Each structure stands twice: as C-alpha cells, then as structure tokens.
Amino acid sequence: MSGKRLLLLIVLGVLFVVGSGTIYVVDEREKAIVFQFGEIVRWDDQPGIHFKKPFVNNVKKYDARMQTLDADPEEYLTLEKKNLIVDSFVKWRVEDAFKYYTKLGGLASNARSRLSQRVNDALRSEFGKRTVQQVIAGDRKQIMDVVREAIDKDSREFGIVVVDLRLKRVDLDPEISGSIYQRMVAERSRVAKELRAQGAQTAEVIRADADRQREIILANAGRDAQVTRGRGDAKATKVFADAFGKDREFYRFYRSLDAYQSTFSTPDNLLVIEPSSEFFRYFNQASPAN
1300 MSGKRLLLLI VLGVLFVVGS GTIYVVDERE KAIVFQFGEI VRWDDQPGIH FKKPFVNNVK
1360 KYDARMQTLD ADPEEYLTLE KKNLIVDSFV KWRVEDAFKY YTKLGGLASN ARSRLSQRVN
1420 DALRSEFGKR TVQQVIAGDR KQIMDVVREA IDKDSREFGI VVVDLRLKRV DLDPEISGSI
1480 YQRMVAERSR VAKELRAQGA QTAEVIRADA DRQREIILAN AGRDAQVTRG RGDAKATKVF
1540 ADAFGKDREF YRFYRSLDAY QSTFSTPDNL LVIEPSSEFF RYFNQASPAN
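Residue numbering for the sequence shown follows my numbering, starting at 1300 and increasing by one per position.
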C-alpha cells in the first residue's frame, strides 16, 4: 500500500471518528441531555439530528414512552375504619429530562419508587374521607380523578407526567366482608318487609274504596230501578185506568180472567161453586156483554 493511500485512510478514519462524535440523533420516543465535562449544558433538544462538540460533550438519552407502574395491592382504611384492599396502576412518562436527571438521577427505578409512595399517600387520604358504601356505590371515578391530578402535580417536580391512574380492584377485607354482607342482607330484608307492608296497606285502602264505590253504585242503581219501576207501574196503572174507564164491562171481564188464572194455576185447588154463580158468569156466556 502506498504512503498516500495510507494517509488517506488515516484522514478518513479521523474524519469518521470526529463526525460520529459530532452528530447525535434524538428519537421521538426519547429525551436527551447534553453534558460538557460532567455538567449539563442542554436538555431541550427536539427529535431529529443534532450536533455536539466531539470529545467534549457527551449525551445521555432517556426513554420517553408511556410506562406503567403496576403496584402490589395495598390496604387502606375507610371513614368507618374498615379495611379495603385496593389494586391500582399508573401510566406515566418522562417530560422534563433535566428534572428527571437532577431529581431522580435519570433512573426509572427511582421514578417508580417515588410514584408508588405518592400514589399510596393520595389513595390513603381519599379512602379515609369516604365510607365503604360511597366507594363501592360510585365514588371510584372521582377518587381516580382526584388522585391522578394530585400525583401529576407533584410528579412534575421531578420531570415526569402522570397520564392515567386506574383502580383495577377494590375489595373488602375477607374478615369483615362476611359481616358486612349479612348487614346488607338484613337491610334489604327490612326494606322489602316495609315495602310489602306498605303495599298491603295500600291494597286495603283500594279494596275498601272499591267496596264503598260498589255499595254506592248498587244503591244508586236500586234507587233508579225503584223510580223507573214506580214510573212504569204508574204509567201502566194510568193506561189500565183509562182503558177500563172507557169500557167497564171489559174491566170486569179482565178481572175475571185474572181470578181464573190465579184460581186454576195449580191442579190442587178445589172449588165448590154452583155453575150459575157470578164467578162463572163469563164461562156461561158465548161472548162478553157489551
């Protein structure tokens, strides 16, 4: 190999080393800090290609993707001093590389430890303000929102952002869940008994009112029937009176027919009367006299 070619290779090698020491790339999933002789000189680089002083600056990169803190279940006391077993997780990411490095040493383990402590303190405070019934009935979302906002505000001091917090499970302590369940059953039974009693009372009132309405309706119907019957009888009597007043002989004939019908309606009736008696007057005549 000639001396010129060797020199060219040496120059290219030096340029490569210098160039590689001058250029660095920050991925969009990373945060970077630039140091100069151990001191931070820059930490706000955006994703892309950047330059640094070779042999003078060095760069540390930190994962800025979403990370999960899935803590072990913890016990918390409610307002009535009842134990609840709570399993939660937190979604977080690095936001400020400078604070992350200066406050936590740039270590994810330190971030998880600090977050875990903040989450425990915040959850203990929120559960301590509520009863078991409030927690189970519908305050879980409010608890998650309050705790997330509180720990996010605190966590920004060391360069991380809390994106989400969830309560995966909230259970009663097995030692007290049985007694609480029995109390809930007793309470539900008491309420059911009260509702049944109220229903029976209401049914009696409705039944009594229906009976009263029935008596009123029947009484009114009977009264109306008597009035109608009386009017009909009066009208019939008037018709008969008018008819009989016009023909007295027909009236006597009609009354005789009524007497015959009443007398001979049953075969057991026995009469001892002369055929020429007034009773058989119309039997003995071919036709009624005019």
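Using N, Cα and C, we set each Cβ at its ideal position, and we do this for glycine too. A quick note: this is a predicted structure, and the numbers were derived from the prediction, not measured.
The region 1371 to 1380 contacting the region 1348 to 1359, beta-carbon criterion three pairs below 8 Å: no
Cβ-based neighbour list, Arg1413, same chain, cut-off 8 Å, excluding 5 preceding and 5 following: Leu1403, Ser1454 and Phe1457
Which of helix, strand or coil DSSP assigns to Val1355: coil
Buried versus exposed, by CB contacts within 10 Å (16 or more), Ala1421: buried
Cβ neighbours of Ile1459 in the same chain (closer than 7 Å, five flanking residues each side left out): Trp1391, Arg1392, Val1393, Glu1394, Tyr1399 and Ala1410
Reference Asn1357; option with closest CA among Met1365, Phe1336, Thr1367 and Leu1368: Phe1336
Integer Cβ distance of Leu1368 from Val1389, believed to fall under 8 Å: 4 Å
Burial state of Leu1464 (16 or more Cβ within 10 Å): buried
Cβ neighbours of Arg1304 in the same chain (closer than 8 Å, five flanking residues each side left out): none
Residue from Ser1408, Asp1541, Tyr1361 and Val1340 whose Cα sits closest to the Cα of Val1324: Tyr1361
Contact check, Asp1472 vs Ile1339, beta carbons under 8 Å: no
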